Each structure stands twice: as structure tokens, then as C-alpha cells.
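Here's the structure, in C-alpha cells; my notes come after.
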Ligand SMILES: Cc1ncc(C[n+]2csc(CCOP(=O)(O)OP(=O)(O)O)c2C)c(N)n1
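Residue numbers (my numbering): 336 to 618.
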């Protein structure tokens, strides 16, 4: 697939992805969906899929493809929306989200033909798998990258740090991880639950670290992804992208009630209107 798309193209994809998230989450009815965690990382996921990653939706098993792991698997709406916008599966399947026998489950499961590389959702686990995939590529002399998106609350997990040490030991400079720094987790603000200086800690663990002040800005995201790909430090790469939980929908932004919730018709209509207003602003 041609990547390195224009900023404008990716901004449009990001907006379409937000709409897709609302459609899928609304279709889940009383099952509800993790709206806030998906909305915060849309530009990060869009930047990876439509600028950074070498992949081909027409050939999902392509051996040279870059791999993507959504370690914060509960934000699967962001992942599914990138896949549908890239053409990995038809749009009408979006309405099967969380339905019986659907591959669009509430946390990602492994369906490589639809672009889903790794099952994830048990926090910490996806990141460790991504480190293993990057090591496997090194051992086999394969040149692809592994991209991984994790949550800032997820960085409280011990497994993250075991895997982070191992990645440095194995010089996994083919690994580009992004922390979605939305400053909230499930039960509160991250600084109230575990006040971590993520930049200092990841650096201390030996990673090459960059901080993006606005992780909902496409240009900032794709610029830092480019920088990481051309870095020569030999270290694994970690981007801390400061984002807004629930970004783009007025009643979701920084509102923990929308970490996960069912969406009724009135909220659906409000969300659609908010996103339509964003589209008008952008044009
Ligand atoms: C091992 C594990 N423990 C607990 C959970 C439940 N859980 C789901 S989302 C979440 C909060 C994650 O916060 P963060 O990583 O900051 O992601 P955000 O939702 O803010 O994007 C938790 C604790 C889980 N999925 N896995």
C-alpha cells in the first residue's frame, strides 16, 4: 500500500475513523464500547497506518509487512476503524461489532486476513508480544518494523518493564512504541493512581524517547514517526503522545464516564453532530 500520505489525507482518515468508532460503538447497543480510549489515539493509529507502516490490505499476509499491535486492546474501535478505512474489510461488517461470530470482538483477536495480528486486551501483554515479534524479526534477518500502541495507565503493569528491559538488551531498534498519554485510566487520572514520569523512566530503561506535545495533531505524529524510523541510536523507540481522552466528541472529552459505556440514540446524534461540525471546521 502506498504510504507517506499527505497530512490532509490523514486528517480526513482520522475524522472518518472517529465516525466509524461511533457507528460501531452505537451498533453494540447495551454491550457498550470503550469510546474514550479509542478517540484519544485516533491520530496516532492513523499516522501509523496511513503514513508510517508498510502494509498492503490486498495482501495481508505479505511477509515484509510492518506489524501493528494495539496493546491497549480495549481501544479496539480505533484499530478496527483504521482497518476498515484502509480496506481490510467491508464497511457493512462494522455493524457486527461485539456480535456473535463477528471477528470484531470487544478486544482484538487474531485474524491476520483482516489485518488483526495479535489478540490483546490483557494490559501489558500486547507490548511484550510486540517486543517478541521485533526480536523474531531480528533473529530471522527480516527488515520490517513493529509498531505498538500502549496506554499510560498500562505502564503501571510490571510486564511492561520486564519486556522494556529485554527490548534494550536485544537492541530492538525495529520497534516503535507509542504511549497514548491521555492522562486518564479506568478509575481516575493517571497521576492520582500512579504518578509516573514516563519520559524519565523510559529513558532510564535505555529507550530512545520523544514527547509529542499534541498527539492529536497529525503533522506532529507523522513527523515523530519519521524521526524514529530514521534514528540511528540502535535503541528501541518510545513516543509519548499527549492526547485527550474522548477527543472530538464534546461530552466524551476528559470525561471518565465515557471510558466505556453504552450509547443511546440522543448521545449518538450528538456525537454525529460534533463530528460533522469538525468536518465543516476542517474545510
Ligand atoms: C491486566 C489488566 N488489568 C486490568 C484491565 C482492565 N482495564 C481495562 S482498560 C484499563 C485502563 C487502562 O488505562 P490506560 O492504559 O491509561 O488506557 P486508556 O483507557 O486511558 O486509554 C484497565 C485497568 C485489563 N484490561 N488488563
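Ideal placement from N, C-alpha and C gives every residue a C-beta, glycine not left out.
Since the structure is predicted, the reported quantities are computational estimates derived from the model, not experimental observations.
- Going by beta carbons, residue 547 and residue 575 fall inside the 8 Å limit.
- Within the segment 466 to 543, complete alpha helix (DSSP H) segments of at least 4 residues are found at 493 to 504, 525 to 528 and 533 to 539, given in chain order.
- In the three-state DSSP reduction, residue 596 falls in the strand class (E or B).
- Here the C-alpha atom of residue 466 lies approximately 16 Å from the C-alpha atom of residue 486.
- For a cut-off of 8 Å, the C-beta gap from residue 414 to residue 428 is around 14 Å, too long to register as a contact.
- With a threshold of 7 Å, the Cβ atom of residue 395 does not count as near ligand 1, since no heavy atom of the ligand is closer than that.
- Collapsing the DSSP output to three states places residue 576 in a strand.
- Sequence-distant Cβ neighbours of residue 433 in its own chain, meaning closer than 6 Å and more than five residues away, are 363, 366 and 441.
- Nearest neighbour of residue 544 by Cα position, chosen from 559, 552 and 597, turns out to be 559.
- Comparing alpha carbon positions, the residue from 397, 372, 382 and 422 closest to residue 412 is 372.
- A straight line joining the alpha-carbon of residue 391 with that of residue 473 spans about 22 Å.
- Taken through DSSP and simplified to helix, strand or coil, residue 449 comes out as helix.
- Cβ contact annotation for residue 464 (same chain, cutoff 7 Å, sequence separation greater than five): 404 and 453, in chain order.
- For residue 404, the enclosing beta strand (DSSP E) stretches over residues 402 to 405.
- Residue 532 is classed as exposed because its beta carbon has fewer than 16 other beta carbons within 10 Å across all chains shown.
- In this structure, DSSP gives residue 373 a helical state, which the three-state scheme calls helix.
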